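Line by line, the protein sequences are chains C and P.
In case it helps, the numbering used here puts the first sequence at residues 1 to 480.
In case it helps, the numbering used here puts the second sequence at residues 1001 to 1480.
For every residue, glycine included, the Cβ atom is placed at its ideal position computed from N, Cα and C.
Fair warning: this is a prediction, and the values are worked out from it, not measured in the lab.
Let me begin by presenting the structure, written as structure tokens, before commenting on it.
2 protein chains.
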Amino acid sequence: MSDTGITVRKNEDFSEWYTQVVLKSGLADYAPVKGCMIFREHSYAIWEKIQEIFNKKIKETGHRNVYFPLFIPESFLKKEAEHFQGFVPQVAWVTMGGNSPLEEKLAIRPTSETIMYATYAKWIRSWRDLPIKLNQWCSVVRWETKATKLFLRTREFLWQEGHTAHTTKEEADREVMEILNAYKDVIETYLAIPVLVGKKTEMEKFAGALYTTALEAMMPDGKALQMGTSHQLGQHFSKVFDIKFLDKDEKEQYVWQTSWGFTTRVIGAVVMVHGDDKGLVLPPKVAPVQVVIVPIPYKGAETEAIMTKAKEILEKLQKKDIAVVLDDRQEYTPGWKFNQWELKGVPIRIEIGPRDLKQKQVTLARRDTFQKITVKEDETADAVTKLLEEIQTNLFNKAKKLLEESTTTVKSYDEFKKVLEQKGGFIRASWCADSACEEKIKDETGATIRTVPFEKEKPFSKCVHCGKDASEVVYFARSY
Amino acid sequence: MSDTGITVRKNEDFSEWYTQVVLKSGLADYAPVKGCMIFREHSYAIWEKIQEIFNKKIKETGHRNVYFPLFIPESFLKKEAEHFQGFVPQVAWVTMGGNSPLEEKLAIRPTSETIMYATYAKWIRSWRDLPIKLNQWCSVVRWETKATKLFLRTREFLWQEGHTAHTTKEEADREVMEILNAYKDVIETYLAIPVLVGKKTEMEKFAGALYTTALEAMMPDGKALQMGTSHQLGQHFSKVFDIKFLDKDEKEQYVWQTSWGFTTRVIGAVVMVHGDDKGLVLPPKVAPVQVVIVPIPYKGAETEAIMTKAKEILEKLQKKDIAVVLDDRQEYTPGWKFNQWELKGVPIRIEIGPRDLKQKQVTLARRDTFQKITVKEDETADAVTKLLEEIQTNLFNKAKKLLEESTTTVKSYDEFKKVLEQKGGFIRASWCADSACEEKIKDETGATIRTVPFEKEKPFSKCVHCGKDASEVVYFARSY
């Protein structure tokens, strides 16, 4: 393999493979600031696609984007004790402005509940001002001390955070589910990654929430990755920040709130789930480049005819709104280009060589299966459209199979530990619903309850840890 | 006037009028952090429109978006002395991560040259890696100590910053102009604000640039507002950050660089230039809501017919991709709604009342002129499309007239000072090109040279300040 290619196999050294794919495909790079990363054009373009998809969904349901300050006064964070304790060890503090020390130190936002809700209290007077359904796309900072992992653990990352306020608990409950379903669609339909959805346990819920719902995906190394969360905040923050409204009967009430977010870590999940030994494999629906055309030059006159053909096909695909690039660089060989575009995960490569020219055909190479097919020149656009759909479906189905095969039902703690060590993945088990039991499992194995399914299943054994009567079936895993 | 309306006239107390329009139209609010603001949904939607327009332009010319870290180590800022001195008094410093003091303090980005170029040095090896044409949309922080002015002077604001690297000076020169022209188009064609374009003087150029080009608009209070800058950085930063490439002859060379940016202050300019005593007036091309339909309910059956009609028109306009809202809220009167949507600057209001219903017509009310016209129901979509164009043109022409009327040619320093005191605006004058003279004018009058036109005009008098021979004609003004 060349030095620009991936030098380890995915199934041999997953962690090193991941880092190489991220760096060599041009998705991201380490920043010259400790713990931080650079979102290069390739990953940022994916993020822009995701933003476009999610923005459309939330705007259609009446949400609006805004931007609140980066700075949060320490006193705001402290107002809600649980919240403060949850975040303060990870806060970056601004203590100087120019050459002067600040009177009160300012946190770089780890999340924006406190600053937004202090403002909601000012904006909301009556039921006429509700609901408020706002979202922002921004970066957040959490001062990680563990080793940096691109997209998954960096001191600064990108996300969206939605913050809504409602007149009733029921309306807020519906909001939580509406967003969770929107996330599920983005992740499954566009990123081609199947997820488990459900509630978090009391121990795992967001600091300050009534309850937390979440989406959990399974990575090929057997670790779960949380893909997004949607929280019912109840009246917890509204009581702390005094967010009251006059209802239709002129009675003062506290609002019911939700908050929800997903981050650029979902790009890390795309790399892990779909990538292979050749590099990145991108789902067509979020691929910044869906098709690359590589002309294979031959001799003088033929080369010219091939280039003309390549340009015709470029235009045909552009007309169909397919994101296509013609790689006509002279300084690189076709073979080098094949490797580069495979590394970058482009779903389809179109080759046009002397033989294709002669037979009025083009060759389509699939990134997901490496299968090559030839299609008639004038059927290229339709064939490409169809193939992009097929690739999208194939990637989802492969990931679905991975998820299913990674899920093991266990009835005893011995079995639990054995599966966790040998295979990892989701462990489906009956549980007594006692946090003490949950905590012991975490301490002893590193596995946590990733999700409690919305539809309660009947326990099929005693509690997997303590042996007492179980009250629910939950999914455990080690996680990123 | 109601307490929600604007209580001062634009031509009586411009500053207070501006603040009221920004706050009451729902564009923005003061944040509960000193010196910071909240970009509410109304202004953020305008910003999203601007992003969409500018992204399309720069992507078509081969630029790509990225995201670099918020944090810049102090040592990076210090590498380029001019740059450091220009920014350091305004830097917010992070000195603590969690509970631990940092080894090296980190600046919150005031601009990203240093961190990006340290990385460019790593990425660039050969001419094959060039040009690099990257842009990022982010917030930047400059620790202002002067009074906050929404959109114009806040400690954090939103912007885009482009950073390119090229093999030759000529290519970088072309890049500077390509971007300047893109800015001009965004500002004139979309924001309907005419600008003067040209170079900055040595004194006014960006810290570390070879030369700076800029766009200057005139506000109704006679002060200029810089709408964007595009800098030729020369090899200044590439020498400091050691950004070298092997050219086609295998010789090592330093890259030529540009950087360019515009900020959310352009939204402030839109408010100032187009707004009136009723509030905001938005150019149709960047208005998040271009048309509002206000049904005027009457009696039972008629009200229902009016609502049906309103919904039909809503759908017709939506089909034409017009951003339209039907305000069918029961809890507000039509009069209240008229005021609210006028305050928010929506270009066209469609009224549908009993009389319109009877005569199969609708009434269109223009926000810019308050003129009302009736059109046949089935011609609504076409009439609206045409009217939106007319409003866009009218706003630009009005602003153009303002710019022209605000520009005064002077030949003596007495005249200069008199015009500046009585009228403000741009002062066109001959100048000796000596920075000492420029500095004295600034000290004595507060006016600076806003722009040196690209096409040199022949001086029409001696230097307006020192009386020596003049070498060029420039535009002075006081500015925001």
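If you follow the beta strand (DSSP E) that residue i is in, where does it begin and where does it stop?
i, result
"residue 1208 of chain P", "Careful: residue 1208 of chain P lies outside any beta strand (DSSP E) and carries neither H nor E."
"residue 1037 of chain P", "1037 to 1039"
"residue 138 of chain C", "132 to 141"
"residue 160 of chain C", "156 to 166"
"residue 1093 of chain P", "1092 to 1097"
"residue 1303 of chain P", "Unbroken run through residue 1303 of chain P is the alpha helix (DSSP H), 1300 to 1319; no beta strand (DSSP E)."
"residue 1072 of chain P", "1071 to 1073"
"residue 1231 of chain P", "1224 to 1234"
"residue 430 of chain C", "426 to 431"
"residue 471 of chain C", "Residue 471 of chain C -> no beta strand (DSSP E), and no H or E assigned at all."
"residue 191 of chain C", "Careful: residue 191 of chain C lies outside any beta strand (DSSP E) and carries neither H nor E."
At the level of alpha carbons, what is the spacing between residue i and residue j?
i, j, result
"residue 2 of chain C", "residue 1167 of chain P", "Residue confidence is low: residue 2 of chain C scores 45 on pLDDT, short of 50, so the model does not pin down where it sits. Its coordinate-derived value is still stated next. Their backbone Cα atoms lie some 27 Å apart in a straight line."
"residue 1424 of chain P", "residue 97 of chain C", "34 Å"
"residue 1010 of chain P", "residue 1271 of chain P", "11 Å"
"residue 1376 of chain P", "residue 1354 of chain P", "14 Å"
"residue 1080 of chain P", "residue 1240 of chain P", "7 Å"
"residue 1460 of chain P", "residue 30 of chain C", "56 Å"
"residue 207 of chain C", "residue 69 of chain C", "21 Å"
"residue 78 of chain C", "residue 144 of chain C", "20 Å"
"residue 362 of chain C", "residue 371 of chain C", "14 Å"
"residue 1156 of chain P", "residue 136 of chain C", "15 Å"
"residue 1047 of chain P", "residue 56 of chain C", "16 Å"
"residue 1348 of chain P", "residue 1159 of chain P", "29 Å"
"residue 1086 of chain P", "residue 1092 of chain P", "14 Å"
"residue 224 of chain C", "residue 195 of chain C", "10 Å"
"residue 44 of chain C", "residue 1042 of chain P", "26 Å"
"residue 1290 of chain P", "residue 1314 of chain P", "12 Å"
"residue 1397 of chain P", "residue 1437 of chain P", "35 Å"
"residue 269 of chain C", "residue 419 of chain C", "23 Å"
Strictly below 9 Å CB to CB, what residues from chain C border residue i?
i, result
"residue 1139 of chain P", "67, 69, 70, 138, 139"
"residue 1094 of chain P", "92, 93, 94, 95, 96, 108, 141"
"residue 1128 of chain P", "329, 331, 332"
Going along chain P in order, which residues have a C-beta closer than 9 Å to the C-beta of residue i?
i, result
"residue 90 of chain C", "1097, 1098"
"residue 48 of chain C", "1055, 1065"
"residue 29 of chain C", "1119, 1122, 1123"
Which first and last residues belong to the alpha helix (DSSP H) in which residue i is found?
i, result
"residue 1254 of chain P", "Per DSSP, residue 1254 of chain P belongs to no alpha helix (DSSP H); it is in the beta strand (DSSP E), 1252 to 1254."
"residue 1385 of chain P", "1380 to 1405"
"residue 1017 of chain P", "1014 to 1024"
"residue 1272 of chain P", "1265 to 1274"
"residue 1440 of chain P", "1435 to 1445"
"residue 84 of chain C", "81 to 87"
"residue 1113 of chain P", "1113 to 1123"
Could you list which residues in chain P have their beta carbon closer than 8 Å to that of residue i, in chain order?
i, result
"residue 33 of chain C", "1069, 1071, 1072, 1073, 1106, 1115"
"residue 118 of chain C", "1032"
By a C-beta neighbour count over all protein chains shown, 10 Å radius and 16 as the cutoff for buried, is residue i buried or exposed?
i, result
"residue 1237 of chain P", "buried"
"residue 1408 of chain P", "buried"
"residue 1198 of chain P", "buried"
"residue 358 of chain C", "exposed"
"residue 1212 of chain P", "buried"
"residue 65 of chain C", "buried"
"residue 1219 of chain P", "buried"
"residue 340 of chain C", "buried"
"residue 368 of chain C", "buried"
"residue 1454 of chain P", "exposed"
Since residue i meets chain P, which of its residues come closer than 7 Å, beta carbon to beta carbon?
i, result
"residue 44 of chain C", "1065, 1066, 1067"
"residue 158 of chain C", "1067"
I want to verify the contact list: residues of chain C whose CB lies under 8 Å from the CB of residue i, in sequence order.
i, result
"residue 1038 of chain P", "66, 67, 68, 69, 119"
"residue 1016 of chain P", "Chain C residues near residue 1016 of chain P: none, gap ~20 Å exceeds 8 Å."
"residue 1134 of chain P", "41"
Does the ligand GTP have a heavy atom nearer than 6 Å to the CB of residue i?
i, result
"residue 313 of chain C", "The model depicted lacks the ligand GTP and carries no ligand whatsoever."
Could you list which residues in chain C have their beta carbon closer than 7 Å to that of residue i, in chain order?
i, result
"residue 1152 of chain P", "Near residue 1152 of chain P there are no residues of chain C at all, since even the closest Cβ is about 16 Å away, more than 7 Å."
Can you check the region 1043 to 1077 of chain P for any beta strand (DSSP E) of at least 3 residues that lies completely inside it and give the ranges in chain order?
Unbroken beta strand (DSSP E) stretches of 3 residues or longer found wholly inside the region 1043 to 1077 of chain P: 1071 to 1073, given in chain order.
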